[in-house]
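Some notes on the structure that comes next.
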């Protein structure tokens with residue numbers, strides 16, 4: 033007898049299903065066969081809903097992780113003479129994959145950690161059973177790798193903190209590309225269109241003020257940014273399952289880095305170029321200065337900040353995450369409360385990254401050797 037489940041908007045707790053029976057509802061002791069069929073259908077439906085809701089970027093990352101898993105299996109087959117099925121995810125293969133990523137691919141520990149997740153999720157999606165001890169053993173190994181400074185140096189490490197002074201240099205840099213011999217190979221266009229300059233200036237200052245991620249900045253809408261007497265009230269939408277948040281942005285002290293004035297200048301220019309009155313906050317602009325109708329992508333938002341830093345001649349590589357780190361470290365140095373900063377950027381209360389940024393901002397506060405008679 034087959035049972036078809038019509039999927040609704042209801043959420044099924046997969047953990048609850050697993051707790052009362054085996055995988056896919058098979059062999060559930062004391063259950064009517066029809067109940068077993070229903071549990072199996074719900075289990076399959078839950079996986080479909082989760083996969084459908086997964087962001088496109090995450091899906092691409094998981095596909096890349098699985099491609100590396102396939103490459104590892106090819107490498108292993110060459111050495112053993114025996115190819116293993118890709119769905120044979122065991123403690124041995126997962127630990128072997130982890131060691132291979134570390135020793136052969138020279139991957140950073142954080143990247144290895146993420147790839148373990150990608151392989152696990154993909155294998156389960158193909159119907160393979162992934163024992164908990166397999167991923168646990170692999171992550172115990174990664175935990176040891178993270179204690180090695182040389183291994184950790186393989187990755188990009190923490191984003192460089194952006195400061196208001198950096199923003200001022202970025203927003204006042206000339207529109208032409210660098211002309212020194214050292215920058216002769218720069219891929220920057222010879223001159224940044226004025227419309228793109230106004231957009232980047234508004235985007236970079238606003239993203240700093242709201243501690244916005246690339247995805248969040250890309251998803252901002254005109255209707256979610258409201259001008260009030262004190263400044264801007266900004267609705268940051270939910271991205272990748274994170275809760276939405278509403279934050280306030282006060283007028284800045286300097287015109288070149290004031291998020292409110294920079295936003296208003298961009299809005300005026302955008303509308304004059306023919307943009308709709310209520311659309312995406314930040315639109316694409318081509319190299320000739322023509323305004324597009326499409327929302328600027330998350331990668332585009334990140335590149336805009338990196339490009340502005342390059343034009344300003346900043347030595348450190350500024351990325352999309354630099355503003356999130358910078359608003360915390362700068363704000364804490366200026367006495368802003370940690371809880372205020374945490375809510376501004378939407379960090380969880382237990383986020384280790386956020387508290388690392390707080391510690392950095394407090395580094396010189398009441399220094400241990402200050403005022404002790406040295």
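Numbering (our numbering), first residue to last: 33 to 406.
Every residue gets a Cβ at the ideal spot worked out from N, C-alpha and C, and that includes glycine.
Would you mind stating whether residue i and residue j have Cβ atoms separated by less than 8 Å?
i, j, result
"residue 295", "residue 243", "no"
"residue 225", "residue 306", "no"
"residue 250", "residue 330", "yes"
"residue 118", "residue 101", "yes"
"residue 130", "residue 166", "no"
"residue 199", "residue 236", "yes"
"residue 196", "residue 289", "yes"
"residue 394", "residue 364", "yes"
"residue 350", "residue 194", "yes"
Report the option in the options whose CA atom is closest to the CA atom of residue i.
i, options, result
"residue 327", "400, 191 and 231", "231"
"residue 362", "396, 121 and 381", "396"
"residue 316", "381, 302 and 402", "302"
"residue 467", "114, 139 and 370", "In the structure as shown, the chain starts at 33 and stops at 406, and residue 467 therefore has no counterpart that could be examined."
"residue 319", "108, 229, 139 and 68", "229"
"residue 150", "262, 96, 266 and 238", "96"
"residue 279", "273, 269 and 349", "269"
"residue 257", "314, 272 and 275", "314"
"residue 360", "185, 71 and 241", "241"
"residue 266", "254, 272 and 109", "254"
"residue 260", "277, 292 and 372", "292"
"residue 342", "205, 402, 227 and 367", "205"
"residue 379", "274, 402 and 335", "274"
Quick one: is residue i buried, meaning 16 or more other Cβ sit within 10 Å of its Cβ, or exposed?
i, result
"residue 57", "Confidence at residue 57 is low in this model, with a pLDDT of 44, below 50, so the placement of that residue should be treated as unreliable; the coordinate-derived value is given next. Counting Cβ neighbours within 10 Å, residue 57 comes out buried, since at least 16 surround it."
"residue 203", "buried"
"residue 400", "exposed"
"residue 213", "The predicted model places residue 213 with a pLDDT of 35, which falls under 50 and marks its position as unreliable; any figure quoted below should be read in that light. By the neighbour-count rule (16 or more Cβ atoms within 10 Å), residue 213 is not buried but exposed."
"residue 358", "buried"
"residue 376", "buried"
"residue 64", "exposed"
"residue 353", "buried"
"residue 177", "buried"
"residue 391", "exposed"
"residue 179", "exposed"
"residue 386", "buried"
"residue 163", "exposed"
"residue 154", "buried"
"residue 94", "buried"
"residue 106", "exposed"
"residue 161", "exposed"
"residue 112", "exposed"
"residue 287", "exposed"
Am I right that residue i and residue j are in contact with their C-beta atoms under 8 Å? What's the rounded C-beta distance?
i, j, result
"residue 144", "residue 134", "6 Å"
"residue 201", "residue 223", "At roughly 18 Å, the Cβ-Cβ gap does not stay under 8 Å, so residue 201 and residue 223 are not in contact."
"residue 348", "residue 192", "4 Å"
"residue 99", "residue 127", "Actually they are not in contact, since the Cβ atoms of residue 99 and residue 127 sit about 20 Å apart, beyond 8 Å."
Which parts of the stretch 284-340 are runs of the alpha helix (DSSP H), unbroken and 4 residues or longer, counting only runs that do not cross its ends? The stretch 284-340 contains these whole alpha helix (DSSP H) runs: 291-304.
Continuous beta strand (DSSP E) assignments of at least 3 residues falling wholly in the stretch 217-277: Fully enclosed beta strand (DSSP E) runs of 3 or longer: 257-260 and 263-268.
Quick check for students: name the residue ranges of the alpha helix (DSSP H) that lie wholly in the stretch 136-188, counting only runs of 4 or more. Entirely contained in the stretch 136-188, the alpha helix (DSSP H) runs reaching 4 residues are, in chain order, 141-157, 164-177 and 181-184.
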